[in-house]
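Residue numbers (my numbering): 1346 to 1397.
Worksheet: one structure, shown below.
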Amino acid sequence: MSKVSAWHSKLPNDPRVYHNDTDCNTGNNIETENRVEGTGGRPLCAECAKLG
Ligand SMILES: [Zn+2]
């Protein structure tokens, strides 16, 4: 697992969660330009939680 600083997507159609693991497919699918640093006050992504 690779824990990094939290990020989330700024796209309204994406799941309202944040990611903190570089092995997360959902998190990796967020285009770099659509990533926002921090949790955004959202819950942790289920896939990241499993990885972590
Ligand atoms: Zn995730």
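Every residue gets a Cβ at the ideal spot worked out from N, C-alpha and C, and that includes glycine.
Treat the numbers as computed from the prediction; the structure is a model and nothing was measured.
* **Opposing strand residues paired with S1354 [DSSP bridges]** => Counting from 1 along the sequence shown, the entry for residue 1354 is found at position 9. In DSSP, S1354 forms a bridge with R1380.
* N-terminal and C-terminal residue of the alpha helix (DSSP H) that N1373 is part of -> Residue mapping note: residue 1373 aligns to position 28 of the sequence shown, counting from 1. That run of the alpha helix (DSSP H) goes N1370 to N1373.
* Within 10 angstroms of the Cβ of V1362, are there 16 or more other Cβ atoms? Answer buried if so, exposed if not. => Stepping through the sequence shown from its first residue, residue 1362 is reached at position 17. With 16 or more other Cβ atoms within 10 Å, it is buried.
* **Nearest candidate by alpha-carbon position, reference V1381, set H1364, G1397 and E1392** => Indexing the sequence shown from 1 puts residue 1381 at position 36. V1381 has its Cα closest to that of H1364, out of H1364, G1397 and E1392.
* Let me have the residue list for ligand 1: C-beta closer than 7 angstroms to any non-hydrogen atom, ordered along the chain. => V1362, H1364, D1366, C1369, T1371, G1372, C1390, E1392 and C1393
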